[in-house]
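A.B. asks: For what it's worth, this note's numbering labels the leading residue of the sequence shown as 97, then goes sequentially. Sharing a structure here in structure tokens format.
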Amino acid sequence: MLSFPMTGMLASPTTGAVLTAKDLSKVSQYSSLGYGNWTFGAALPVVQRTDIMASAYANPTPTRNKKLLNFFAMSDIHITDKEAPNQLPYLQQIEPRAYSLTSVYTPAMLYSTQVLDAAVQTMNALHQQNPFDFGISLGDATDSTRYNETRWYIDVIDGKVITPSSGAHVGADTIDYQKPFQAVGLDKSIPWYQVLGNHDHFLIGSFPVDADPSLGFRQSYVSDKVWSVADVLVPHTAKFPVLFNMADFKAQPSYYQGYIDGSTQYGQIAGAGLTTDAAFASGAPMVVADPNRRSLLRTEWIQEFFNTTTVPAGHGFNLVDSANPAWESNGFACYSFVPNPKVPLKVIVLDDTQSESDGSIDIHGHGYLDANRWAWLQAELAKGQAANQLMIIAAHIPIGVSAIGSEMEWWLGETGITSQNLNAVNLAGLVKTLQGTPNLLMWIAGHRHMNTVKAFVSADSTKPEQGFWQVETSSLRDFPQQFRTFEIYLNSDYTVSILTTNVDPAVADGTPAATSRKYAIAAQQIVKQNVNLNTPNVSTVGGVIPVPSMDPTRAQDGTVDPTVKFVDMSGSGIASNGSYNAELFKQLSPQMVGILKAMYPQPA
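If you want it as structure tokens, here you go:
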């Protein structure tokens with residue numbers, strides 16, 4: 097049965113006891129305290145948005161004459177080898193800065209493969225009702241660039257038998273999240289494409305595996321000993337904008353970070369604690385090593401997408417220009433494709449994650465384009481404009497929405513970075529180029545685990561066609577565990593409508609995927625992530641350090657973005673459902689209108 101986007105679904109704990117964020121791992125108490133209870137409400141409204149249209153375009157009533165495209169996007173699946181010895185689950189309990197970081201631990205990680213399988217089944221059912229032209233995954237398919245995580249991800253979509261455990265495979269006969277299962281697989285008639293995310297080629301999405309061999313990151317993947325590292329979230333404000341430092345892994349005191357014990361019903365964290373604790377007097381906690389946990393190089397990760405039974409072989413990476421100088425040596429991950437040769441619309445798949453060799457010692461979750469990728473993007477936009485093609489950019493990291501100085505914003509560089517490794521373009525230059533491409537419809541992204549729509553309004557009010565949209569899709573692991581559909585229409589007045597809808601994977605009661613939903617909701621109730629985040633736009637950090645604006649198209653006066661809106665949940669008893677559906681209107685240039693009128697005359 098298909099489901100609708102969730103509304104009034106969060107329930108308060110049923111007793112006076114309350115779990116705090118650092119108690120997130122106390123999963124066995126969730127049910128008795130009422131965490132994770134939910135019910136479906138009515139489907140969410142579809143909000144009409146005309147922010148980037150001419151000021152006179154209000155209360156639109158055009159007929160959707162021609163469907164140009166229908167596709168789905170999913171993001172941040174974070175397929176996780178929960179038993180691997182080099183994770184950071186204990187950090188979530190001991191470091192106040194990590195209490196809300198479900199990226200390092202959430203009980204929903206127990207069921208990452210099963211949730212993906214449920215999402216795929218839902219996509220198949222939707223496809224039967226309204227066929228998809230394609231699907232796209234917007235990055236962070238894996239949690240920590242492990243080989244087994246990558247294979248589980250591809251094999252679920254391919255419909256293989258999945259053994260979602262590693263090492264000794266404990267609990268495979270008795271524990272629901274450990275039991276092998278037959279994945280349904282995506283309908284073979286739906287081509288799907290892949291975007292590279294930071295977690296797909298960095299350790300825990302944050303650190304280049306081979307940047308500092310003395311840290312032993314690569315060896316830690318296949319070790320039989322649980323990781324011993326310090327509190328790696330110690331800020332280094334004196335070195336702004338470097339927030340963290342890879343050298344901190346070797347600092348003291350150090351902690352065994354632990355792993356998930358797959359023989360336990362609730363995924364208990366085992367082998368964790370201060371290294372000097374008496375419990376570890378005889379040495380590090382041990383696990384059964386597994387070579388399938390090995391970290392993949394970027395080129396190796398890309399190559400796995402050619403080992404598939406769904407289409408196309410390579411899932412987009414087959415379209416990478418082999419003449420590009422970074423194709424073979426660095427794993428160039430940018431390409432473009434035309435979903436329907438009869439429709440003048442192309443999708444530009446952009447790798448905007450940081451480089452392994454940029455020299456940064458900070459967390460590698462920032463937006464970044466090196467000179468090669470920036471030149472490629474400019475060329476793709478120019479070619480699409482010259483060919484009278486509408487365009488969509490699909491990237492992992494969104495632009496203009498993350499706070500300056502955060503680990504997710506457009507990278508500013510740091511002390512000691514050579515000029516050739518810095519971002520090849522700042523946000524002002526990037527947005528100017530995008531606005532100078534009037535056929536650009538939208539930029540779609542994941543990364544922040546949020547469902548958000550943002551308008552980039554034209555800098556020239558007489559040319560509204562220079563505005564474009566940005567649509568973010570939430571994670572399949574974290575609340576609200578949704579993917580998106582996009583239906584693009586040519587309207588009777590030759591504007592374009594983009595109908596974007598959040599979809600909940602349909603889950604059957606009692607299944608592992610249903611348990612995952614319960615845990616994701618419980619984690620949100622406990623941690624209280626701000627799913628309505630709207631960061632103020634400023635030109636300095638702390639009023640002292642001048643930096644490029646988070647969003648160069650708006651006033652840098654500390655105000656929030658008026659185009660980032662959320663569903664009004666007042667009176668519902670919950671803070672937010674984390675979902676947002678909209679019809680996004682886009683003005684086209686006179687030239688493009690002429691092209692489309694010739695291709696698609698008004699019906700008689």
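The beta-carbon is built from N, C-alpha and C at its ideal position, and this holds for glycine as well. These numbers were taken from a predicted model, which means no experiment stands behind them.
Does DSSP put M205 in a helix, a strand or coil?
C.D. replies: DSSP places M205 in helix when its eight states are reduced to three.
A.B. asks: Quick one: what's Y431 bridged to in DSSP?
C.D. replies: Its beta-bridge partners are V445.
A.B. asks: Do the stretch 411 to 423 and the stretch 468 to 479 make contact, defined as three or more Cβ pairs closer than 8 Å?
C.D. replies: These segments touch.
A.B. asks: What do you reckon, are the CB atoms on T581 and F313 nearer than 8 Å?
C.D. replies: Cβ distance not < 8 Å, so T581 and F313 don't count as in contact.
A.B. asks: Suppose you measure from the CA of A139 to the CA of L222; what does that come to, to the nearest Å?
C.D. replies: A139 and L222: Cα-Cα distance of roughly 16 Å.
A.B. asks: Could you pull out every residue in the same chain whose Cβ sits closer than 6 Å to the Cβ of D327, ignoring the five residues on either side in sequence?
C.D. replies: Correct list, in chain order: E191.
A.B. asks: Go ahead and label T116 buried or exposed: buried means 16 or more other beta carbons lie within 10 angstroms of its beta carbon, across all protein chains shown.
C.D. replies: It counts as exposed.
A.B. asks: Do three or more CB pairs link the stretch 567 to 578 to the stretch 547 to 554 at distances below 8 Å?
C.D. replies: Yes, the stretch 567 to 578 is in contact with the stretch 547 to 554.
A.B. asks: Among the candidates S418, D296, S121, whose CA atom is the shortest distance from the CA of Q361?
C.D. replies: Of the listed residues, the one whose Cα sits closest to Q361 is S121.
A.B. asks: Quick check on N226: buried or exposed, where buried means 16 or more other Cβ atoms within 10 Å of its Cβ?
C.D. replies: With fewer than 16 other Cβ atoms within 10 Å, it is exposed.
A.B. asks: Determine the extent of the alpha helix (DSSP H) in which K479 is found, giving its start and end residues.
C.D. replies: That run of the alpha helix (DSSP H) goes 467 to 482.
A.B. asks: Considering only residues of the same chain and omitting the five flanking positions on each side of P287, which have a CB-CB separation below 6 Å?
C.D. replies: If we look at P287 and ignore the five residues flanking it on each side, its Cβ neighbours are F230, V407, P408.
A.B. asks: Is the beta carbon of S593 closer than 8 Å to that of F662?
C.D. replies: For F662 and S593, no; Cβs fall outside 8 Å.
A.B. asks: Given a cut-off of 8 Å, decide if V553 and T649 are closer than it, judged by their beta-carbon atoms.
C.D. replies: Their beta carbons are under 8 Å apart, which means T649 touches V553 by this criterion.
A.B. asks: From the DSSP output, in three-state form, read off A237 for me.
C.D. replies: The answer is coil: DSSP assigns A237 none of H, G, I, E or B.
A.B. asks: Can the beta-carbon of N388 be found closer than 8 Å to that of N244?
C.D. replies: Yes, these two residues count as a Cβ contact at 8 Å.
A.B. asks: Can you give the beta carbon distance from S675 to N628, rounded, assuming they're within the 8 Å contact cut?
C.D. replies: That belief does not hold up - the Cβ atoms of S675 and N628 are roughly 11 Å apart, past 8 Å.
A.B. asks: Check L299 in the structure and name its three-state DSSP category.
C.D. replies: Note: L299 maps to strand in three-state DSSP.
A.B. asks: What is the DSSP secondary structure of D653, counted as helix, strand or coil?
C.D. replies: Strand, per DSSP.
A.B. asks: Measure the CB-CB distance between G525 and L518 and report whether it falls below 8 Å.
C.D. replies: Result no, Cβ atoms of G525 and L518 do not sit closer than 8 Å.
A.B. asks: Is S324 helix, strand or coil when you go by DSSP?
C.D. replies: If DSSP states are grouped into helix, strand and coil, S324 belongs with the strands.
A.B. asks: Three-state secondary structure (DSSP) at T559?
C.D. replies: Looking at the sequence provided, one finds Lys at residue 559 rather than Thr. Coil, per DSSP.
A.B. asks: Apart from the five residues just before and just after V689, which ones in its own chain have a Cβ nearer than 8 Å to its Cβ?
C.D. replies: Cβ within range, chain order: Y590.
A.B. asks: State the Cα-Cα distance for the pair P260 and R247, rounded to the nearest angstrom.
C.D. replies: Roughly 10 Å between the two C-alpha positions.
A.B. asks: Taking DSSP as the reference, what is the three-state secondary structure of F402?
C.D. replies: The answer is coil: DSSP assigns F402 none of H, G, I, E or B.
A.B. asks: One question on the structure: do M170 and F579 come within less than 8 Å of each other, judged by their Cβ atoms?
C.D. replies: Against a cut-off of 8 Å, the Cβ pair of F579 and M170 comes out as a contact.
A.B. asks: For the beta strand (DSSP E) that contains R160, what are its first and last residues?
C.D. replies: Taken as a continuous stretch (DSSP letters only), the beta strand (DSSP E) holding R160 covers 160 to 170.
A.B. asks: Among the residues of its own chain, which have a CB less than 7 Å from the CB of N308, if the five just before and after it don't count?
C.D. replies: Per the sequence shown, the amino acid found at residue 308 is Asp instead of Asn. For D308, where only same-chain residues beyond five positions count, the Cβ hits under 7 Å are M342.
A.B. asks: State buried or exposed for F136, treating a residue as buried only when at least 16 other CB atoms are found within 10 Å of its CB.
C.D. replies: Under this definition F136 is an exposed residue.
A.B. asks: Kindly identify the DSSP beta-bridge partner or partners of E679.
C.D. replies: DSSP lists Q144, L595 as partners of E679.
A.B. asks: Which partner residues of I258 appear in the DSSP bridge assignment?
C.D. replies: Looking at the DSSP assignment, I258 forms a beta bridge with F277.
A.B. asks: Under the assumption that P534 contacts S685 (Cβ atoms under 8 Å), give the Cβ distance between them as a whole number of angstroms.
C.D. replies: Confirmed, about 4 Å.
A.B. asks: Note down, in chain order, each residue of its chain lying with its Cβ closer than 6 Å to the Cβ of I173, except the 5 sequence neighbours on either side.
C.D. replies: Cβ within range, chain order: L212, A237, L572.
A.B. asks: Is the CB-CB distance between L530 and L536 below 8 Å?
C.D. replies: For L530 and L536, yes; Cβs fall inside 8 Å.
A.B. asks: Run through the stretch 347 to 383 for me and flag every whole beta strand (DSSP E) of 3 or more residues, listed as ranges in chain order.
C.D. replies: Those beta strand (DSSP E) runs which fall completely within the stretch 347 to 383 and span 3+ residues are 350 to 356, 365 to 370.
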